[in-house]
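Positions in the sequence shown are counted from 1; adding 92 to them yields this note's numbering. Scroll down for the structure; my scribbles are underneath it.
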Amino acid sequence: MTDTFLTSAQPGQLLARGVCRHLRSHDFACVEEWVPARGLRVDVLALGPKGEVWVVECKSSRADFMSDAKWQGYLPWCDRYFFAVDLDFPTEILPSEAGLIIADAYQAEIIRMPEEDKLPAARRKSVHLKAARDAARRLQGYRDPGVAALFGGES
């Protein structure tokens, strides 16, 4: 990511950047703005070295959190669910059953680890497969920006 990204990114994207950096240091592979199903979009999907599936929602303000009631719809797509917020966020308004990550654009720290609720094997396989395919298409789109227009779908 370049300085251009840092100056043009939305606050939630900056949090996601720090979260992904932290999780990468623990051998997780992250896909940002991932769509598990129509109508859902998670800020960070993190796939762990032992097959773990974590979802992280980045909230940049109280208003951002209060306006988004979809978070429970993400639970069937992960083993652990987290909110990532900055140091000034009023964390007492976040649900206690969710994990908590404090982040900025450069780093993050897991403050509260949520209980694990393991995905069924079939769902885990489908999440891994879809994430891999989506990430590969995204990478191909960076290398060949016109490919999506040729064959349909997103790059």
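Just so you know, even glycine gets a beta-carbon here, dropped at the ideal spot from N, CA and C.
Taking a cut-off of 8 Å for Cβ pairs, the segment 99-111 and the segment 124-144 touch, as three or more such pairs fall below it. For a cut-off of 8 Å, the C-beta gap from G233 to A240 is around 6 Å, short enough to register as a contact.
The straight-line gap separating the alpha-carbon atoms of A121 and A197 is approximately 17 Å. Residue pairing by DSSP puts R204 in a beta bridge opposite L192. For D226, the enclosing alpha helix (DSSP H) has its first and last residue at 213-235. K151 sits close to F175, with the two beta carbons spaced by under 8 Å. Here W146 is bridged, per DSSP, to A138, R172. Nearest C-alpha to S218 among F181, V127, R172, T99: V127. Here W146 is near D171, since their CB atoms are less than 8 Å apart.
Between P141 and D119, the C-beta gap is smaller than 8 Å, which places the two residues in contact. Contact between P206 and A227 fails: their C-beta atoms lie close to 24 Å from each other, not under 8 Å.
A197: not part of any beta strand (DSSP E); DSSP gives it neither H nor E.
A195 and F181 have their alpha carbons spaced roughly 10 Å apart.
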